[in-house]
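*Asks:* In the UniProt record's numbering, the protein residues as written are 1 to 1080.
Yeah, the Cβ is synthetic: ideal placement off N, Cα and C, and Gly gets one too.
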């Protein structure tokens, strides 16, 4: 046996033969070494191991004693490797020409088998190499290719020009005749091994060819396969299908923050993709669509660069389509069948994108611009496109008598015996390569087998089972609820049982074993019980509401960026909590005012041990440690810090983005998609905060003076009080008969809650009280500031602090600021949690914050209502502004606000003076939020008055506009326009909104509380039962209306008694104190 370059004129001598044989064998081994290196280059250690194996077994000189010992160990029926090699180089043999090689074919085949057995059964073993490579080598050396197939392969796949040793062997007849008999015998054996290896190696080496848009180079093959013009156009130059609107990008997005390691990964990946032709360097032109990039971990621990196409995908057309799934594979599988799989390498990259559409696939990196020349991962239309492209391909393979199915770039092949499956593999590879696809040799399974991993499942045709790989079973332990009792409906079609490693897992760990069972049941559909993997929380939340609130989506969050999520754990004894809430809030109850301490409340409602254990275990399984989380004293809220990647893994479906609002300096992080959680976890959670809820950016109107405002009057009473221009504390004190009363009890406290970067200025407060606080005693400083208060003072904060401290004068006041410590936190939820986490809190809270009720999920609102009940049983009073949009409107229906519509808070509407220059009567101001809830039923405390309004009220809108059985709001009202404030040391007139009336009422209620404290009584707590039972203690507002749906249209009108614009009226302080002191 010779290799190219071996000279034919070797002298016939023993030394010459010796040297010739050695040179020949060395050349063979060098060729084998290079060939194996091609397949094992993934690991240098494995390559070194293979080389060492060949050196040690084939070339190492051994002593006669070692040879004899080895010969005795292997026995007479096997060919000892060392002895065989010694025979090849044996100088005692004469140079006698023997009979031709062909006449010794039987003996040569026996020697080949013996040589193979010697390789297999030798005791000397090196460390294992990659299983895929090992299987590939065994398969190629099996000798099962027919001569016709071999010739076809050799003709079709010539060896690469830089693989000089990858070649079939030829015989140098002159040298051959000079070789000893044993040398020729073993030489033929090695030749057959090498020939088989070469035949097999050429194809895998060819798998590594170009991958960028290569389908366009095989149009002829495609045209012989299909006449579908959509498919043919796609393989030539795919045009991205957009919705009616062409993608528009107001300004380029801001690139994610990346670590130095991530930046290095991206630079290397860009270089690789440029080399492959997947990317091209380009320039940015106006009208181009730029995307951001980030890195994402792969299964093998490395990272890949991802083009963030989420913004572009919003413009891409979506069409429903069907894909083959694991169910399809199960239907094809039969007992004892053989299976294989073929994976397409860079499948999406094989389809070229039309040049005119590449401007939508651009990104910027380190000052340069790049565009994809082919379909990138992440484009929404790609799965449907490839499903359509490959449909005629699989039809063609089936027409050859094969069983197959495909899921995008993964092909599942079957044969009812080994040979049929192998032919299927060969024909499938041929078909794909004729069409221009590149086969992935490592991810594919070429060798027919009766157990295979496909689409994340292990399929066994011997046991007829489907189960999860152990690693995936461990990860998904919490995702499926085990169905312990089930019956197969179609046992004759596919009688699958839980055996093998699934049963072993179940014996060791019932939870893991159950995953095998549950996944089998869920995926085959053959069981009466169909477990559901995930449950959506807040499924009715309007994920598009942010658009109409002027939020701008800026960028997709990088996987490594931090996210804070708040888990609202299910509470216990909620029925008992609500019963106690109503008893302590109703003046007619013997339990009125008998409020609970925080510790007693915690004992009542804290989550069960099962709930806390389930949530903690769930978080641990996703890598979230206890040290990453904080909880409240009541134990019903858990806030955890995690990476964006962990958050999206935990909350299946969530996609976090960064958003900005023109009224805010800081961005917020929220998901643009609904989220779901494990079915096992869902019974223990109400919702997860920091995912869907955007801060409600709806404070009072911007400071302005309406030059016609002072003439907005319905009646012109005679001047009977002080004449004023605008509203300030002494005007309100006169109107509501507060006079010079101030708080004096030491335990009295009140608070204003602030969100969304609203800060107050101590100097503004002092300036305001110096200007307008001279007629009553007052405090000039906040008793306590919670949360951030650094920055330019805001209109909202100035308004709230200056008026609650003027009406509730001398009552120590807390400024409670919760702007959110992190972009992903919800300020309103954070405030509620903070209250739940403090034993000492103010009794009265003024809150100017609300959302559109129809944008929120009912489960979320119900849980917030529980938080209001928790506050009520502790004796706290929550006063919420009713909003400044009148009745609101959406699709010709009135639009209530939440929490204004909650039955568990007191909602404050807005009024205006009949005569803007005097302290006079009031009318309902048109901005005053009010109406009826579409979610919450009418509570019993307002049943009579609301029914009276619906029967006798003036100009009641058509029933189609509102829910007549819903909770009516507001409950109380006060003056809300023409307020003076001091902001940034400047007196500002004309501030208006229910954000002005709410702190006014809050200050007055604090004084009522003060009177009760002086008598040793409890705080008022939840106000509404008290207010509705003492409507006579308020000024009834009977004129005016709020805004409706159309320009100039009206919503609801004020009426005698309660109405959905002003509630039961505005406060009359002395009468309220009298009524409050008459109760226990």
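Write down the C-beta distance between residue 694 and residue 671 rounded to the nearest angstrom, noting that I regard them as a contact closer than 8 Å.
*Replies:* Counted from its first residue, the chain shown places residue 694 at position 694. Counted from its first residue, the chain shown places residue 671 at position 671. Not confirmed; about 11 Å, so no contact.
*Asks:* Is the beta carbon of residue 932 sitting closer than 9 Å to the one on residue 883?
*Replies:* As a position in the chain shown, residue 932 is number 932, starting the count at 1. As a position in the chain shown, residue 883 is number 883, starting the count at 1. No. Outside cutoff.
*Asks:* Is residue 1079 helix, strand or coil when you go by DSSP?
*Replies:* On the chain shown, residue 1079 is found 1079 positions in, with the first residue counted as 1. The answer is coil: DSSP assigns residue 1079 none of H, G, I, E or B.
*Asks:* Using a Cβ-Cβ cutoff of less than 6 Å, which residues in the same chain neighbour residue 735 once the five nearest sequence positions on both sides are dropped?
*Replies:* Counting from 1 along the chain shown, the entry for residue 735 is found at position 735. So the list reads 919, once near-sequence residues are dropped.
*Asks:* On the DSSP bridge assignment, give the partners of residue 910 in chain order.
*Replies:* Taking the chain shown and counting its residues from 1, one reaches residue 910 at position 910. DSSP, once it has assigned bridges, lists 974 as partnering residue 910.
*Asks:* Assign residue 296 to one of two classes, buried (16 or more other C-beta atoms within 10 Å of its C-beta) or exposed (fewer than that).
*Replies:* Within the chain shown, numbered from 1, the residue matching residue 296 stands at position 296. That one is exposed.
*Asks:* So what does DSSP say about residue 349, is it helix, strand or coil?
*Replies:* Within the chain shown, the letter at position 349 stands for residue 349. Reduced to three states, the DSSP call for residue 349 is helix.
*Asks:* Assuming residue 308 is part of the alpha helix (DSSP H), what are its boundary residues?
*Replies:* In the chain shown, counting from the first residue as 1, residue 308 sits at position 308. Per DSSP, residue 308 belongs to no alpha helix (DSSP H); it is in the beta strand (DSSP E), 303-308.
*Asks:* How about residue 1023 and residue 972: are their beta carbons less than 9 Å apart?
*Replies:* Along the chain shown, one-based indexing puts residue 1023 at 1023. Along the chain shown, one-based indexing puts residue 972 at 972. Yes, the Cβ-Cβ distance between residue 1023 and residue 972 is below 9 Å.
*Asks:* Output the distance between the C-alpha atoms of residue 364 and residue 370, rounded to the nearest integer angstrom.
*Replies:* Numbered from its first residue, the chain shown carries residue 364 at position 364. Numbered from its first residue, the chain shown carries residue 370 at position 370. Rounded to whole angstroms, residue 364 to residue 370 spans 6 Å at the Cα level.
*Asks:* Between which residues of its own chain and residue 857 is the CB-CB distance below 6 Å, once the five residues before and five after are set aside?
*Replies:* The residue you call residue 857 lines up with position 857 of the chain shown. Once the five neighbours on either side are set aside, the close Cβ partners of residue 857 are 538, 540 and 541.
*Asks:* In chain order, which beta strand (DSSP E) runs of at least 3 residues are fully inside the stretch 418-478?
*Replies:* Runs of the beta strand (DSSP E) inside the stretch 418-478: 445-449, 451-454, 457-460 and 465-467.
*Asks:* Output needed for residue 787: all residues of its chain with C-beta closer than 6 Å, excluding positions within five of it in sequence on either side, in chain order.
*Replies:* Along the chain shown, one-based indexing puts residue 787 at 787. So the qualifying residues of the chain are 817 and 818.
*Asks:* Can you give me the C-alpha to C-alpha distance between residue 343 and residue 275, rounded to a whole angstrom?
*Replies:* Mapped onto the chain shown, residue 343 falls at position 343. Mapped onto the chain shown, residue 275 falls at position 275. One C-alpha to the other measures close to 22 Å.
*Asks:* What is the C-beta distance between residue 870 and residue 605, in whole angstroms, given that I count them as a contact (C-beta under 8 Å)?
*Replies:* Counting from 1 along the chain shown, the entry for residue 870 is found at position 870. Counting from 1 along the chain shown, the entry for residue 605 is found at position 605. With a Cβ gap of about 7 Å, residue 870 and residue 605 count as contacting.
*Asks:* When you compare only the Cα positions, how much space is there between residue 781 and residue 1028?
*Replies:* Here residue 781 corresponds to residue number 781 of the chain shown, with the count starting at 1. Here residue 1028 corresponds to residue number 1028 of the chain shown, with the count starting at 1. Taking the straight line from one Cα to the other gives about 35 Å.
*Asks:* For residue 1073, which residues of its own chain have a beta-carbon under 7 Å away from its beta-carbon, when the five flanking residues on both sides are left out?
*Replies:* Here residue 1073 corresponds to residue number 1073 of the chain shown, with the count starting at 1. The residues are 1008 and 1011.
*Asks:* Work out the CA separation of residue 250 and residue 941 for me, nearest whole Å.
*Replies:* As a first step, residue 941 is located in the chain shown; it is residue number 941 there, counting from the start. As a first step, residue 250 is located in the chain shown; it is residue number 250 there, counting from the start. Going by the C-alpha atoms only, they are around 52 Å apart.
*Asks:* Distance check for residue 367 and residue 1060, CA to CA, integer angstroms please.
*Replies:* Here residue 1060 corresponds to residue number 1060 of the chain shown, with the count starting at 1. Here residue 367 corresponds to residue number 367 of the chain shown, with the count starting at 1. Distance between the alpha carbons of residue 1060 and residue 367 is about 59 Å.
*Asks:* Hey, how far is the Cα of residue 1062 from the Cα of residue 1070?
*Replies:* Counting from 1 along the chain shown, the entry for residue 1062 is found at position 1062. Counting from 1 along the chain shown, the entry for residue 1070 is found at position 1070. Near 20 Å, if we compare the C-alpha coordinates of residue 1070 and residue 1062.
*Asks:* Take residue 255 and list the residues in its own chain whose beta-carbon comes closer than 6 Å to its own, dropping the five residues that flank it on each side.
*Replies:* The count along the chain shown starts at 1 and reaches residue 255 at position 255. Counting only Cβ-Cβ distances below 6 Å, and skipping sequence neighbours, we find 292.
*Asks:* Would the beta-carbon of residue 930 fall within 9 Å of that of residue 808?
*Replies:* In the chain shown, counting from the first residue as 1, residue 930 sits at position 930. In the chain shown, counting from the first residue as 1, residue 808 sits at position 808. Going by C-beta atoms, residue 930 is not nearer than 9 Å to residue 808.
*Asks:* Got a sec? Which residues, its chain only, sit under 8 Å from residue 777 by beta carbon, not counting five neighbours each side?
*Replies:* As a first step, residue 777 must be located in the chain shown, where it is residue number 777. The residues are 740, 742, 809 and 810.
*Asks:* Ordered along the chain, which non-local residues of its own chain (more than five positions away) have a Cβ less than 7 Å from that of residue 829?
*Replies:* If you number the chain shown from 1, residue 829 lands on position 829. So the qualifying residues of the chain are 566 and 689.
*Asks:* Indicate whether residue 653 and residue 534 have their beta-carbon atoms separated by less than 9 Å.
*Replies:* Within the chain shown, the letter at position 653 stands for residue 653. Within the chain shown, the letter at position 534 stands for residue 534. It is a contact, given that the beta carbons lie within the stated cut-off.
*Asks:* Would you mind reading off the limits of the beta strand (DSSP E) that contains residue 290?
*Replies:* As a working mapping, residue 290 is identified with position 290 in the chain shown. Run containing residue 290: 290-297, per the beta strand (DSSP E) assignment.
*Asks:* Going by the CB atoms, is the gap between residue 1026 and residue 1068 shorter than 9 Å?
*Replies:* For the purposes of this step, residue 1068 is taken as residue 1068 along the chain shown, with counting starting at 1. For the purposes of this step, residue 1026 is taken as residue 1026 along the chain shown, with counting starting at 1. Taking 9 Å as the Cβ cut-off, residue 1068 and residue 1026 do not qualify as a contacting pair.
*Asks:* Three Cβ pairs or more, each shorter than 8 Å: is that satisfied between the stretch 440-459 and the stretch 343-361?
*Replies:* Yes, since at least three Cβ pairs between the stretch 440-459 and the stretch 343-361 fall closer than 8 Å, the two stretches touch.
*Asks:* Kindly indicate which three-state DSSP category residue 986 falls into: helix, strand or coil?
*Replies:* Residue 986 sits at position 986 when you count from the first residue of the chain shown. If DSSP states are grouped into helix, strand and coil, residue 986 belongs with the strands.
*Asks:* When you compare the stretch 892-904 with the stretch 873-883, are there three or more beta-carbon pairs, one atom per stretch, that lie closer than 8 Å?
*Replies:* Yes: at least three Cβ pairs fall under 8 Å.
*Asks:* Would you call the CB atoms of residue 999 and residue 785 closer than 9 Å?
*Replies:* In the chain shown, the residue the question calls residue 999 occupies position 999. In the chain shown, the residue the question calls residue 785 occupies position 785. Cβ atoms of residue 999 and residue 785: not closer than 9 Å.
*Asks:* If we require 4 or more residues per run, which alpha helix (DSSP H) segments fall completely within the stretch 818-884?
*Replies:* Entirely contained in the stretch 818-884, the alpha helix (DSSP H) runs reaching 4 residues are, in chain order, 827-836 and 858-873.
*Asks:* Of the choices 623, 294 and 252, whose alpha-carbon is the least far from that of residue 1129?
*Replies:* The first residue shown for the chain is 1 and the last is 1080, placing residue 1129 beyond what the model contains.
*Asks:* Do the stretch 844-853 and the stretch 983-1003 make contact, defined as three or more Cβ pairs closer than 8 Å?
*Replies:* Taking 8 Å as the limit for Cβ pairs, the verdict is that the stretch 983-1003 does touch the stretch 844-853.
*Asks:* With H, G and I counted as helix, E and B as strand and the rest as coil, what does DSSP make of residue 728?
*Replies:* Looking up residue 728 in the chain shown gives position 728. Residue 728: coil per DSSP, three-state reduction.
*Asks:* Answer yes or no: does any C-beta atom of chain C fall closer than 9 Å to that of residue 341?
*Replies:* Considering every chain present, this structure includes no chain C. It has just one protein chain.
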